[in-house]
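FYI, the numbering for the sequence shown is 140 to 679, going by this note's numbering.
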Amino acid sequence: MPEPDPFVPSSKSGQRQPQNPIPGGRAQPDAARPAHAVSGTLVGVAPENIPITAISFRRLPEGLPPLHLLVVDDDAPLRKACSEIAAGMGFQTLAAGSVQEALEKMKQQRVDLLLLDLKLPGGGGLKLLNEVRTLYPSTGVVVMTAFATVSSAVEAMRTGANDYLTKPFALEELTAVLEESSRRVHFDLESRRLRERLRTARGMGDLIGTSPGMEKVYRILSKVAFSSHPVLILGESGTGKELVARSIHSNGPNAAKPFIAVDCSSLVPTLIESELFGHVKGAFTGANRSKEGLLSEANGGTVLLDEIGELPMDMQAKLLRALQEKEVRPVGATRAVPISARVLAATNRDLTAMVAQGLFRKDLYFRLNVVNLRIPPLRERREDIALLAEFFLEQIQRQTGRSYTFSEDAMRLIMEYDWPGNVRELENAVERICAMSSGPVLHMVDLPTQLQDFRAHRREADLAAAAYEASAELQADADSSIVSIAEMERKAILGTIRQLSGDKLMAAKLLGIGKTTLYRKLKEYGLSETESEEGGAIED
Ligand SMILES: Nc1ncnc2c1ncn2[C@@H]1O[C@H](COP(=O)(O)OP(=O)(O)OP(=O)(O)O)[C@@H](O)[C@H]1O
Ligand SMILES: [Mg+2]
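Here is the structure:
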């Protein structure tokens, strides 16, 4: 599934129509040229001989580091016009007339944004776009294409261009696209910087995990932290939904403001409204004084609506209205109060299924699901289990001042277990093994009972599978040819020992013979004490 991109530029819609064209050398709609168009023949000068630099452009926001823009077009007048307009907006501009020249320039100088003509000699713009995507994946690309070849723009977008302009284009179109692209570049730069700043050897910020699943969480998290869009955090119980929500808040611009988590499942239905929206004095029996609701109490901070799937239907409608209007009406009040909190929601329920069953409002679902962030369960990111276990162990060591290490068997079981309760269950298991341990080495027997049960069940299942395979092998032999009983017995004994990785005691048990008999048989087969005929180790 493609990663959700929270900030798709509106100009991608392809609806842009050239009204005030900047003609390129190839397309010159002279008759349609409006007063403020930049001429391809009068380079750098508007029709009334106004220098381009004197035209007032939309300027890039102040206070942000300047972006480097490279204009690549073999049409020199257009190249120059675009460069001058971009410089007027506040870009540091560079220009190139060919693929080769562009690559040279990019080698010498960091380029944040590329304005690229698709129809270039010597391989064309698509080839350059491909190279840029590989060599400089963080560079933004806007492609320019002739009106007649819009399909090539579509192909360019598929190859990774961020936006496109159809030639001839108007000055406002160019500046609008450049402005939007620069916003995206700045945004990407900031989110990358955040990720780098929070990056640790075993995760990001307070979050532990280096699995691809968690890396995806970090990428989305670092993007949404700067915005104020709602984010729907999905994940099984104990996967870290609240921790992720806190991390979004604490890395965003309003980190100093409050973070309030509301558990929608634990609120008494009749009180949910007053909890979230507040109430005035006398609104209902027991309302002895006015109370501010959590949504306004957060005061520009973040409200996490946890277990949102449990919110009753009537409250869903009220919440939707509050989110849309950005105001709430406290219970019993006549006037609404504005709310400025960012809303995050979390659930371990399948909200899409709930929408389909009519249990959750579709419109609220869409409102909350502007971006969704799914935290994978632990069993889908097993590489994080040991990291997390060691992390929780370190925490306990710090708290207790005692030092512990996992024994090999304990760690093996921890790694193999399925963790239906996810990180929370793992955290509790580590706490329990430390509490139960009498020494510094933590043994499997001190892990919680569900892990012991899991081990016992798995061992039973392994044994059953081993016995089944051994008997299937015998059956196959019996089917294919007539074999002597002695030969069948030999195969049964050796096959079972092999299936059990050399556990002779268990093999004897499974075969229903004594250990001494088994050893005698092995001796009869002329096998050494440690090696089977098949070459598998069968030592005690
Ligand atoms: N990636 C992680 N790194 C470190 N600690 C984690 C991580 N994920 C979860 N935890 C810890 O596991 C515990 C459970 O996390 P959290 O409460 O955020 O889960 P949740 O998904 O909200 O659970 P629930 O569905 O039960 O509400 C917390 O103590 C949290 O600090
Ligand atoms: Mg939670």
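Think of the CB as a built atom: it goes at the ideal place given N, C-alpha and C, for glycine as much as any other residue.
Tyr-504 counts as buried, since no fewer than 16 other beta carbons sit within 10 angstroms of its beta carbon. Two segments are said to touch when three or more pairs of C-beta atoms, one from each, lie closer than 8 Å; by this definition the region 501 to 517 does not touch the region 435 to 442.
Three or more Cβ pairs closer than 8 Å define a contact, and the region 404 to 413 falls short of that threshold against the region 384 to 393. For Glu-381, the Cβ falls inside the 8 Å cut-off from some heavy atom of ligand 2.
For Leu-462, the enclosing alpha helix (DSSP H) begins and ends at 452 to 464.
By alpha-carbon distance to Ser-237, the top candidate from Arg-659, Ala-611, Asp-213 and Pro-451 is Asp-213. For Leu-507, same chain residues with a beta-carbon under 6 Å away, outside a window of 5 residues either side, are Pro-369, Leu-371 and Ala-484 in chain order. By the 16-neighbour rule on beta-carbons within 10 angstroms, Gln-248 is exposed. Close CB contacts of Ser-435 within its chain, under the 7 Å cut and outside five residues either way in sequence, are with Gly-417, Val-467, Val-476 and Ile-478 (chain order). With a cutoff of 8 Å, Ile-514 counts as near ligand 1, since its C-beta is closer than that to a heavy atom of the ligand. Distance between Ser-376 and Asn-561, taken at the CA atoms: about 7 Å. In this structure, the straight-line span from the alpha carbon of Thr-339 to that of Ala-611 is close to 51 Å.
Taking a 10 Å sphere around the C-beta of Ala-495, we find fewer than 16 other C-beta atoms and assign the residue as exposed.
Proximity of the region 323 to 340 to the region 353 to 361 meets the contact definition, three or more beta-carbon pairs being nearer than 8 Å. Relative to ligand 2, the beta carbon of Ala-485 is positioned inside 8 Å of a heavy atom.
Counting only runs that start and end inside the region 223 to 274, the beta strand (DSSP E) elements of at least 3 residues fall at 231 to 235 and 252 to 256. Asn-390 sits in coil when the DSSP states are folded into three classes, being neither helix nor strand. Within the model, the alpha-carbon separation for Leu-581 versus Leu-532 is close to 10 Å. Between the alpha carbons of Leu-458 and Phe-398 lies a distance of about 18 Å.
Look at the region 409 to 454 and you find these whole runs of beta strand (DSSP E), each 3 residues long or longer: 441 to 445. Each residue's CA atom was taken as its position, placing Lys-662 and Thr-656 some 10 Å apart.
Under DSSP, the beta-bridge partners assigned to Met-343 are Arg-338 and Leu-346. Residue burial annotation: Thr-314 is buried, with at least 16 other C-beta atoms found within 10 angstroms of its C-beta.
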